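Number of protein chains: 4
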Amino acid sequence: MGMIGGGPGAFIGPVHRFAAELDREIELVAGVFSSDPDRSRAAAGQYRIDPERAYPDLPTMFAAEKARADGIDFVSIVTPNHNHLPSARAALAAGLPVMTDKPLTATLAEAQELAGLVATAGLPLGVTFTYTGYPLVREMKARIAAGAIGPLRKVVVEYPQGWLSQPAEGKQAEWRVDPARAGAGGCIGDIGVHAFNLSEFVTGQKVTRLLADLAAVVPGRALDDDCSILLRFANGARGVLLASQIEVGELNGLRIRCYGEFGGISWKQEEPNSFTQHHADGRTEIVRAADASLGPWAAGRTRTPGGHPEGYLEAFANIYRDFAAVLRGEDAPLLPGIAEGLRGMTFIDTAVRASAANAGWVDLAD
Amino acid sequence: MGMIGGGPGAFIGPVHRFAAELDREIELVAGVFSSDPDRSRAAAGQYRIDPERAYPDLPTMFAAEKARADGIDFVSIVTPNHNHLPSARAALAAGLPVMTDKPLTATLAEAQELAGLVATAGLPLGVTFTYTGYPLVREMKARIAAGAIGPLRKVVVEYPQGWLSQPAEGKQAEWRVDPARAGAGGCIGDIGVHAFNLSEFVTGQKVTRLLADLAAVVPGRALDDDCSILLRFANGARGVLLASQIEVGELNGLRIRCYGEFGGISWKQEEPNSFTQHHADGRTEIVRAADASLGPWAAGRTRTPGGHPEGYLEAFANIYRDFAAVLRGEDAPLLPGIAEGLRGMTFIDTAVRASAANAGWVDLAD
Amino acid sequence: MGMIGGGPGAFIGPVHRFAAELDREIELVAGVFSSDPDRSRAAAGQYRIDPERAYPDLPTMFAAEKARADGIDFVSIVTPNHNHLPSARAALAAGLPVMTDKPLTATLAEAQELAGLVATAGLPLGVTFTYTGYPLVREMKARIAAGAIGPLRKVVVEYPQGWLSQPAEGKQAEWRVDPARAGAGGCIGDIGVHAFNLSEFVTGQKVTRLLADLAAVVPGRALDDDCSILLRFANGARGVLLASQIEVGELNGLRIRCYGEFGGISWKQEEPNSFTQHHADGRTEIVRAADASLGPWAAGRTRTPGGHPEGYLEAFANIYRDFAAVLRGEDAPLLPGIAEGLRGMTFIDTAVRASAANAGWVDLAD
Amino acid sequence: MGMIGGGPGAFIGPVHRFAAELDREIELVAGVFSSDPDRSRAAAGQYRIDPERAYPDLPTMFAAEKARADGIDFVSIVTPNHNHLPSARAALAAGLPVMTDKPLTATLAEAQELAGLVATAGLPLGVTFTYTGYPLVREMKARIAAGAIGPLRKVVVEYPQGWLSQPAEGKQAEWRVDPARAGAGGCIGDIGVHAFNLSEFVTGQKVTRLLADLAAVVPGRALDDDCSILLRFANGARGVLLASQIEVGELNGLRIRCYGEFGGISWKQEEPNSFTQHHADGRTEIVRAADASLGPWAAGRTRTPGGHPEGYLEAFANIYRDFAAVLRGEDAPLLPGIAEGLRGMTFIDTAVRASAANAGWVDLAD
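Chains as they are written, first to last, in full-length UniProt numbering: chain Z, 1 to 366; chain U, 1 to 366; chain Y, 1 to 366; chain V, 1 to 366.
What follows is the structure, encoded as structure tokens:
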């Protein structure tokens, strides 16, 4: 695996490295960690890879790695959003599969271009919609698909954070509030898209319409930092999606609650090793990572016995594990790919435009 | 105190009795518990009051009680919504103060009429917006008013229930889904108005605009059972109000989270004896009913030492305690009265009409 | 009901009044609230009873009330422990049933004397082991009795408090740390006995042996303020009972966990409206006050729908409700009576003496 | 790193591999994964290491690795307890530092021998007392050392599990209940020693006396599966240590609560990213992994921003990170080493013997 981005000070670069390597199916061996060659080399030291394989730019990396017997066989893109497309385009052109951080690209047009490139190249592309990697999220999906709550009626998905409640400072904050690098969405592109993806993943239903109310609450901010979005799903179910980065004191409080005609199910990311299931007979069950009742999607993605908490890195690693399976030619039906990435961009684009136009309910293209 | 409504099988009648009598400042001594004289007498037995004072109708009660030295000095109205106005009108005409369950009336027009009657009569009227009686809710109000979270930016208030997820059965369900008795609002009038009241109470800010999306999810239901409403407060703060009675497995999950420029605060009704406060310096505090830091609004409304949980009945009793103070001529600034009752009806009426018209953002009259 | 004790500044007197009256089966009408007549009258005002019926001493009360058609028909004893026996003795002699706060008396010898007096008088005596009044505690008892966890193997009951972590101040603290008024036990008599009673109540098993380690942690304290006690139950099950009043920050953290061969069950007083049940098939269930699966012991002792939290006062009222039933000649098998009271004193006495003698394991008399 | 043990079906071998490699300072490259050569090779495949470096026995591994330029520079011992000493002895003799799973050895005599060998060899030895690797456990230690709760008075440490509630089956269970492989302690050696180590680590106080009550609850079991132990610390503080493997439904419920003269602190392993701190001024704080107030011990051992839960593997990795620092010649004062390992064995040995003799309070040798 070769990394694109993830230089000194990065948050998500090291996370991709941890996640990719956890199961020892993948190894980070090369990268263009920064457009600044010195910084790229510095990152190589931090990642403890051969400094020779810290490259100054993509063409150099692709050429050098191709020449090696042990050259990289895919790239992982962890740059700010505006570099996703150029990086992916170059990698696909070099014949390399791509794993990219979310959102897929900075704009919908870019995403559509990328979807075309992927189709043409016939190469795998994965998107790290991390939260779908949690074993209990996969178990919720399995149970709902199996009818555990009956026909879906209502979804509430919330993603509260507080770290951008003040005018941004620091590398992580800076690019996320800059349209030139983040794209058209701020909060919606950074975390709202996770909530959207999670809601479709867990319920197995597509969102068909939405009503978006986005705002930049912090004075002077160019992009949204607080989003309230009403949803309709294909089967008629109603939904609410809330995402905010100005809710002081909230850390990474992604939560989802799904209700059907006969039951309900709820989960929160900060305590990811269990969820609550309300059964049709009135019982309330705490389903835990240890439980014998878990299906293969969940049971096959835990690494420790019950009560030994697994967290964000392990969930992230499950995405990479699926990607590794795909690289080996196996099936990995839960891996988020180009379709989910493109869908996320459609969501961001539709919501941003609808909110700006105060358009009320609008359709979300399929 | 004379009760109007609350006959056999009632839920809220006994609650009013518990609450009114808890502090021994008020005693239930008479009532028209049902329009059916037999049922009214049966209720008297259940309440253990003198059967002579279980009256068949209001005029009889008012006349008989007036003739007694120990006659009632106010009425408590616990009927379905459509009987609030007639009952209150009669009581005020008889010179009696009124405590009424929420919502104030079945329709806004009725509420406006009642507001006029109250003004003319010059008599106290209280409304049991119960949740404002919780000591820690009052403490949140006090802290926010004192600047604990800085200028308000965001409010999320949720009221999930699941008991009406199936076509209604039973006395409690039946009238709530019948427009002739409940009024124009279903879920919004039964619980949404509580959430609305709580949001204004805690924040000290008025809602000025809203966007309402109400639906009857259960097939064949005439009134809404699921509400998603976006809010704007007078100072520009954004809000989300969710109320539902079809979220299977949820009991009475009222929750509120308020965020300001420098802090945040959150509370949930099902664990009412503490709230979480995020401070400007990054600390997270669990404020408990026992804490020495509580101000007089909260400290004066608890009855047991910390760790001895108080609940719904005690919160309800705090509303009656305020009402008793008002009857004695004392000041009780936190008692919900005609203004709060009328405001709740304005909210219900505005939201129901806006949703029906798919009107997008509309103003909420002051 | 006539109250003995509970004068100005008392904590538990008002609690008894709330609890006794909540269901309107009992009314506080008289009392000797203090041995100081002025204070007794002052209390009458706070309780809002007829000042004529605030008596200076027991003989006066018994004589005066006997002479009334509406005289008291039982007494409630809420004094410090050393006055329980004299008060009960006098009441029984006057032909009045007795409800008394726990522990039954100050010493085991007194308890034995009282047991004899009760037997002779043939009058009901109840003891407010409050926590057995919680509906979900009763449900746990019912489920364990019905075999829900299989044969009992292990019990852990903990009662952490922190309010006596500093040398005592205030009326509530003062008498509890004074052997002349509290008796031989400090923490063990104040709260340890609750934990003991709860463990036998819930499991249906008697403690037959114990190993006690009691200490006065706060310098200068004459009575224990921290207790660690190992238990053996009649069927061989093992137990641990921890009680402390010096665990800074703990409020009233009574918790019990019971494990059998096939399941487990746990509950905590500070969140009393649910418990956790681990089933033999590996499922973990949250049993809630609302659940349709509750048996009559629990379902018959709740007053509000699920999600409307009930607390300490309501649990306390359930004890009085049972007592009222007994006064009416009905059966109330869950009411703690002289047997439970005497058993608690046997526990306190045995543990205090065994700890003082560093006696290791000792038998607990039947 | 070369692994000893951890063959097919092992639980803790893969955990050591994850943990060792997470920060990319260590790589698993060789091992004697099983005494059965075929199984050893099979394990190599699972770990994805060069099958050539899966050796049939220790002498072969040490010789072959010594001959390589990239040979292993330490071993990690993950066998059942009875093989810890022979493995460590051989590794030290081969000049290799040792990381070993806990408990240090099967018996105290073995531990003492190993301590001598380590002293003679002058080589580092680490012991994976995993739970001391949690960042917030380290923060508790730092705060208590800095006086946050005042002089220590009381410690309650509990370690409930339920997975051995039935007669053992499966590889993990089997050896743990076999004295020939586990040593003299069952539950106490498997998890009690973790609780003991944690209590001394967090408080900075040594246990000086104990009273142990151990039992084999499951019929036919040769070793203890349920332990209740009373403690005294050097400064006079009182303690309770509970460990059980027969509490049905409990997963890995390690918890610790520490109380001092002025405050209290508590943490539970299943939700490891926060702890509760009761302050001297009565405030209750939730300290979270994100907090700016964290000291360097904690802040330096987290890998993700607040709200991205870290768990057991990351805590385990922190132990390895300290070990890697020691291998580089750096200081790692929190790494559990031979002293902590020996101390754990002294605890196990003392408790097992005291319990068997029903000896009451006994001294715990320094």
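All C-beta atoms in this analysis are idealised placements derived from N, C-alpha and C, irrespective of residue type, glycine included. Just so we're clear, the structure is a prediction, and the values are computed from it rather than from any experiment.
Run the CB neighbour count on residue i, radius 10 Å, all protein chains shown included, and call it buried at 16 or more, exposed below.
{"i": "ASN235 of chain U", "result": "exposed"}
{"i": "GLU330 of chain Y", "result": "exposed"}
{"i": "PRO14 of chain V", "result": "buried"}
{"i": "ARG158 of chain U", "result": "In the sequence under discussion, the amino acid at residue 158 of chain U is Glu, which differs from the Arg named in the question. With 16 or more Cβ atoms within 10 Å of its Cβ, GLU158 of chain U is classed as buried."}
{"i": "GLN166 of chain V", "result": "exposed"}
{"i": "ALA111 of chain Y", "result": "buried"}
{"i": "LYS141 of chain U", "result": "buried"}
{"i": "ASP281 of chain Y", "result": "exposed"}
{"i": "TYR358 of chain Z", "result": "First, the amino acid is wrong: residue 358 of chain Z is Asn here, not Tyr. By the 10 Å Cβ count, ASN358 of chain Z comes out exposed."}
{"i": "ARG257 of chain V", "result": "buried"}
{"i": "ALA146 of chain U", "result": "exposed"}
Give me the Cβ distance between residue i and residue j, rounded to the nearest whole Å; I'm assuming they're in contact under 8 Å.
{"i": "GLY183 of chain Y", "j": "VAL78 of chain Y", "result": "With 8 Å as the limit, GLY183 of chain Y and VAL78 of chain Y do not qualify as a contact, their Cβ atoms being about 16 Å apart."}
{"i": "LEU114 of chain U", "j": "ALA88 of chain U", "result": "6 Å"}
{"i": "PRO179 of chain Z", "j": "LEU223 of chain Z", "result": "6 Å"}
{"i": "GLY189 of chain Y", "j": "GLY249 of chain V", "result": "In fact, because the Cβ distance is near 33 Å, the residues do not count as touching under 8 Å."}
{"i": "TRP361 of chain U", "j": "ARG209 of chain U", "result": "5 Å"}
{"i": "PHE33 of chain Y", "j": "ARG39 of chain Y", "result": "7 Å"}
{"i": "LEU152 of chain V", "j": "GLY45 of chain V", "result": "Their Cβ separation, rounded to whole angstroms, is 50 Å, which puts LEU152 of chain V and GLY45 of chain V out of contact at 8 Å."}
{"i": "GLY9 of chain V", "j": "LYS171 of chain V", "result": "5 Å"}
{"i": "ARG53 of chain U", "j": "ALA20 of chain U", "result": "With 8 Å as the limit, ARG53 of chain U and ALA20 of chain U do not qualify as a contact, their Cβ atoms being about 15 Å apart."}
Tell me which residue opens and which closes the beta strand (DSSP E) that residue i is part of.
{"i": "residue 369 of chain Y", "result": "It is not possible to answer for residue 369 of chain Y, since the shown part of chain Y is limited to 1 through 366."}
{"i": "residue 407 of chain Z", "result": "The displayed coordinates of chain Z run from 1 to 366. Any statement about residue 407 of chain Z would go beyond what the structure contains."}
{"i": "GLU314 of chain U", "result": "Not the beta strand (DSSP E): GLU314 of chain U falls in the alpha helix (DSSP H), residues 312 to 327."}
{"i": "SER76 of chain Z", "result": "75 to 77"}
Taking Cβ to Cβ, would you say residue i is nearer than 8 Å to residue j?
{"i": "LEU335 of chain Z", "j": "PHE316 of chain Z", "result": "no"}
{"i": "TYR312 of chain U", "j": "HIS308 of chain Y", "result": "yes"}
{"i": "VAL98 of chain Y", "j": "GLY2 of chain Y", "result": "no"}
{"i": "LEU136 of chain V", "j": "PRO272 of chain V", "result": "yes"}
{"i": "LYS154 of chain U", "j": "PHE129 of chain U", "result": "no"}
{"i": "ALA354 of chain Z", "j": "ALA212 of chain Z", "result": "yes"}
{"i": "PRO80 of chain U", "j": "TRP163 of chain U", "result": "no"}
{"i": "HIS82 of chain Y", "j": "ARG181 of chain Y", "result": "yes"}
{"i": "ASP73 of chain U", "j": "LEU242 of chain U", "result": "no"}
{"i": "GLY186 of chain Y", "j": "VAL193 of chain Y", "result": "no"}
{"i": "LEU230 of chain Y", "j": "VAL240 of chain Y", "result": "yes"}
{"i": "LEU125 of chain Z", "j": "GLY337 of chain Z", "result": "yes"}
Tell me residue i's beta-bridge partners as DSSP assigns them.
{"i": "ARG238 of chain U", "result": "U:LYS154, U:ARG232"}
{"i": "GLY264 of chain Z", "result": "Z:TYR259, Z:HIS278"}
{"i": "ASP30 of chain Y", "result": "The sequence shown places Ala at residue 30 of chain Y, not Asp. DSSP output for ALA30 of chain Y lists Y:GLY2 as bridge partner(s)."}
{"i": "PRO160 of chain Z", "result": "Z:SER244"}
{"i": "ASP363 of chain Z", "result": "Z:ARG209"}
{"i": "ILE286 of chain Z", "result": "Z:THR276, Y:THR284"}
{"i": "VAL98 of chain U", "result": "U:VAL75, U:LEU125"}
With residue i as the anchor, note down where its alpha helix (DSSP H) starts and where it stops.
{"i": "ASP38 of chain U", "result": "37 to 47"}
{"i": "GLU174 of chain U", "result": "171 to 176"}
{"i": "LEU342 of chain Y", "result": "338 to 356"}
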